[in-house]
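Here the structure comes first, spelled out in structure tokens, and everything after it is commentary.
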Amino acid sequence: MKKTIKLAVVAALALGATSAFATNGAALIGMGAKARGMAGTGIGMSHGAESALTNPALITTVKSTEISFGGTIFMPDVKNENNLGGGASSSDSDADINVIPEISLATKINDNFYVGVGMWGTGGMGVDYRDAKIDTAGGTQLNMVTNLQLMQFGVPLAYTTDGFSVAITPILQYGSLDINYVYTGAPMATGMGVAQDLAFGYNIGAAYTFDALTIGAVYTSAIDMEYKGFSDVIGNFSAGAYDNDKLSTPAQIGLGASYAFGESTVALDYKRIKWSDAKGYEDFAWDDQDVISIGYEYKTKNWAARAGYNYASSPISEQKNATPNSAGLTGGVINTFNLLGFPAIVQSHYAIGGTYNVSDKASVDAAFTYAAEETNTYTNFAAQDITTKHSQTGVSLQLNYDF
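Residues -22 to -1, 1 to 381 in mature numbering (1 follows the signal peptide of the UniProt record, and there is no 0) are what the sequence shown spells out, letter by letter.
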């Protein structure tokens, strides 16, 4: 068992060097293939060891020791059209394949206490327009490259009695951020290099099961991340007024419920992502997101099938302030960086998934997710149109083993 866990952790660390792209803003819709197969639902429905971040109180359903190891191949399709003067140029982002790893373990200490450990790629975003044409007489994507990666390591600790469970997961988050762009019409050939940071956070979860109904609640703390050089690359567009190097992971609060009848289970989750209070994101006028997800599972002795739908309005919207905001940014600058570098505009997500039990101890999970294309047009820093189209496809695979 120790050898298996060691190999899984090494593999997860290796995959963690690959960029991730986001769904609900800069956060994945779900942690683990089971949750993703139900469009992220899992606050009020246990998915075993993989529940550590969604709601750690639900790891109390594992029978003895369970390990889950897998990942997601994420394929965003982003196209930008930008006008800086007499015409517009368009280009597809080359950051179109990303690998997001995850590993979870949960074990039963006794009838009341459970403990786990895990490592998860939890979000990020990125575009790559290095091959886009630079044409300051018409339009350009500024050869912009952005790459935000977030990885969390957590140790869930849970207690259960008489159907009620409560848990806390201390979290260590690793983040890296790189932003590069070129604009030949001004002295703006800028790259911050890869900046990295480590910071601590936590989540707290609770759940109660009576008969066929389970209800759950979870709170995840904000995590303040600081990336050296972030203020410099933004400062070129604010006459040096921008002085914030922080880009924090926002706090979240969520409620969920599931109801089992026969071989079927229906689950419903609500969560609020507090982008407007997150350092860095608040400077770029990100709004809070209200996320609704509904999922269905049909489960037999040997297999399970899942489906789900997830919706959250985009956290970004067109900013029209000609006067710089408190961070020194005009609406046009905010619109340019949001749509060109951080296009978190997808809203509706559809998911299917399933599980096949290879044996009494081993099983395989799979999930497919699709985020429908969204198109947004704002006014850029040159008072011209900037348009981004964005859709997403994801394929998840996960191996589970019970000891």
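Cβ atoms here follow ideal geometry from the backbone N, Cα and C, with glycine treated the same way.
Just so you know, these numbers come straight off a predicted model, no measurement behind them.
Cβ neighbour criterion (16 or more within 10 Å) applied to residue i
i              : result
serine 46      : buried
glycine 240    : exposed
residue 392    : With the chain running from -22 to 381 in the structure shown, residue 392 is simply not present.
isoleucine 7   : buried
proline 228    : buried
methionine 166 : Interpretation of methionine 166 is limited by its pLDDT of 48, a score under 50 that renders its predicted location unreliable; no figure is taken from the coordinates.
glycine 39     : The sequence shown places threonine at residue 39, rather than the glycine named in the question. Per the 10 Å Cβ criterion, buried.
lysine -17     : Caution applies to lysine -17, whose pLDDT of 38 falls short of 50 and renders its modelled position unreliable; the value that the coordinates give is listed next. It counts as exposed.
alanine 164    : Interpretation of alanine 164 is limited by its pLDDT of 48, a score under 50 that renders its predicted location unreliable; the figure taken from the coordinates is listed afterwards. Label assigned to alanine 164: exposed.
glycine 171    : exposed
According to DSSP, residues forming a beta bridge with residue i
i             : result
serine 46     : Ser82 and Asn378
tryptophan 98 : Glu80 and Gln130
alanine 235   : Ile193 and Leu246
histidine 327 : Asn288 and Ala349
alanine 305   : The partner list for alanine 305 (beta bridge, DSSP) is empty, contrary to what the question assumes.
tyrosine 152  : Met129 and Leu176
aspartate 363 : Thr357
proline 54    : Gln370
glutamine 230 : Thr198 and Ile251
threonine 138 : Ser143
Residue nearest to residue i in terms of C-alpha spacing, selected from the options
i              : options                           : result
threonine 139  : Phe131, Ser42 and Ala185          : Ala185
alanine 256    : Gly240, Glu204 and Ala190         : Glu204
isoleucine 201 : Ser242, Tyr152 and Thr187         : Tyr152
tryptophan 192 : Ala219, Ala360, Val40 and Ala35   : Per the sequence presented here, residue 192 reads as threonine, with tryptophan not at that position. Minimum Cα distance to threonine 192 is reached at Ala35.
glycine 234    : Gly18, Asn2, Leu6 and Gly207      : Gly18
isoleucine 51  : Asn121, Gly26, Gly179 and Ser374  : Ser374
aspartate 89   : Lys298, Leu62, Thr43 and Trp98    : Thr43
glutamate 59   : Phe359, Phe381, Lys86 and Thr355  : Thr355
glycine 99     : Gly213, Val77, Gln119 and Ala136  : Val77
residue 387    : Phe131, Ser82 and Ile37           : Not covered by the structure: residue 387. The range shown for the chain is -22 to 381.
serine 67      : Asp109, Thr301, Gln127 and Ala145 : Asp109
glycine 207    : Tyr107, Gly48, Ala173 and Tyr137  : Ala173
glutamate 260  : Tyr274, Arg284 and Ile294         : Ile294
serine 24      : Asp221, Lys298 and Ser236         : Ser236
Whole-angstrom C-beta distance between residue j and residue i, which should lie under 8 Å
i              : j              : result
serine 292     : isoleucine 312 : Their Cβ separation, rounded to whole angstroms, is 14 Å, which puts serine 292 and isoleucine 312 out of contact at 8 Å.
isoleucine 270 : tyrosine 248   : 6 Å
glycine 286    : methionine 16  : 4 Å
lysine 41      : aspartate 343  : Wrong, their Cβ atoms sit about 17 Å apart, outside the cutoff.
alanine 350    : serine 369     : 6 Å
alanine 4      : methionine 129 : About 13 Å separates the two Cβ atoms, so there is no contact after all.
alanine 190    : glycine 94     : About 25 Å; that fails the 8 Å criterion.
isoleucine 75  : glycine 232    : Not a contact, Cβ separation roughly 30 Å.
Minimum Cβ-Cβ distance from residue i to chain D less than 7 Å
i           : result
glycine 213 : In the structure shown, chain D does not exist; there is a single protein chain.
Inset, instruction - Decide yes or no for the touch test of the region 331 to 345 against the region 3 to 12: beta carbon pairs closer than 8 Å, at least 3 of them. - result: yes
Inset, instruction - Assess, as a yes-or-no matter, whether the region 303 to 312 is touched by the region 278 to 288 under the definition of 3 or more beta carbon pairs within less than 8 Å. - result: no
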